[in-house]
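Numbering that gives the first Met the number 0 puts the first residue of the sequence shown at 0, with every later residue one more than the last.
Think of the CB as a built atom: it goes at the ideal place given N, C-alpha and C, for glycine as much as any other residue.
Remarks on the structure that follows.
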Amino acid sequence: MWARGFKLLVFLVLYLQGQPKHCILGEKIAVQTNDQIENTPDVTVDLLRQEVQELSYLITVFLAQPRPQTTKVCRTPYVAMSGRCIVVLDKITGSWANMRKQCNNLGGDLLKVDDANFMADLIQYINAHPFNAGRYWIGASDLGHEGNWRWPDGSLVRLGTPFWGDYGEHLQQPDDGIHENCVNMPRDDRFFFHNGPCNEVNSGICEY
Ligand SMILES: [Ca+2]
Ligand SMILES: [Ca+2]
0 MWARGFKLLV FLVLYLQGQP KHCILGEKIA VQTNDQIENT PDVTVDLLRQ
50 EVQELSYLIT VFLAQPRPQT TKVCRTPYVA MSGRCIVVLD KITGSWANMR
100 KQCNNLGGDL LKVDDANFMA DLIQYINAHP FNAGRYWIGA SDLGHEGNWR
150 WPDGSLVRLG TPFWGDYGEH LQQPDDGIHE NCVNMPRDDR FFFHNGPCNE
200 VNSGICEY
């Protein structure tokens, strides 16, 4: 289809330029001069019209086809996961602020987990790899605005199910007020969100 489209485009360009030209539209026209162009026979116009109609149809069919999934490309050390670029810093540990700085040094920030399907994919990804850390810092915190949980981009953190864990207790996280202002995903509660002291030493997950 594109070869024919290219032929038609070449023909139209040459036609508009009005220069002596080699026309590659089918076999009916080999070489045309300006005079010949001006006296283009009706059969050529009909041929052109037919080509345009056929190309219009082919373009319509082409555009109606489902687009192939494009694979997101992430710069090292980030990997594509659920259409986003993340890196699990499994062997590096630090406070929430230190791990955020680690992410910043990698051109990103601590992870935003604002979608349940993304969270499920993330946990599946962690479990499918030889990561061993007990807890991973993510971007949520209420530092400086107690009880108002925010992601690094300033957006609100959704509370409740399905994001927040409870360690099997009746009270769901977050808890402990001003004593726990940063959020991690602990392995021993199946990576559901828990808030903890920001100076706790954990691994972290970044994204950009
Ligand atoms: Ca708090
Ligand atoms: Ca807590």
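Terminal residues of the beta strand (DSSP E) in which residue i lies
{"i": "residue 136", "result": "134-140"}
{"i": "residue 194", "result": "193-195"}
{"i": "residue 182", "result": "181-185"}
{"i": "residue 205", "result": "201-206"}
Sheet register partners of residue i (DSSP bridge)
{"i": "residue 155", "result": "149"}
{"i": "residue 78", "result": "85"}
{"i": "residue 108", "result": "206"}
Segment limits, alpha helix (DSSP H) that includes residue i
{"i": "residue 121", "result": "115-126"}
{"i": "residue 102", "result": "95-104"}
CB-CB length for residue i against residue j, believed under 8 Å
{"i": "residue 190", "j": "residue 122", "result": "5 Å"}
{"i": "residue 136", "j": "residue 109", "result": "6 Å"}
{"i": "residue 200", "j": "residue 107", "result": "About 20 Å; that fails the 8 Å criterion."}
{"i": "residue 223", "j": "residue 197", "result": "With the chain covering 0 to 207 only, the question about residue 223 has no answer from this structure."}
{"i": "residue 89", "j": "residue 130", "result": "4 Å"}
{"i": "residue 101", "j": "residue 203", "result": "6 Å"}
Closer than 6 Å: residue i CB and nearest ligand 4 heavy atom
{"i": "residue 141", "result": "This structure lacks ligand 4; the ligands present are ligand 1 and ligand 2."}
> Which residues, in chain order, sit with a beta-carbon under 6 Å away from any heavy atom of ligand 2?
Replying inline: 172, 173, 174, 175, 179, 193, 194 and 195
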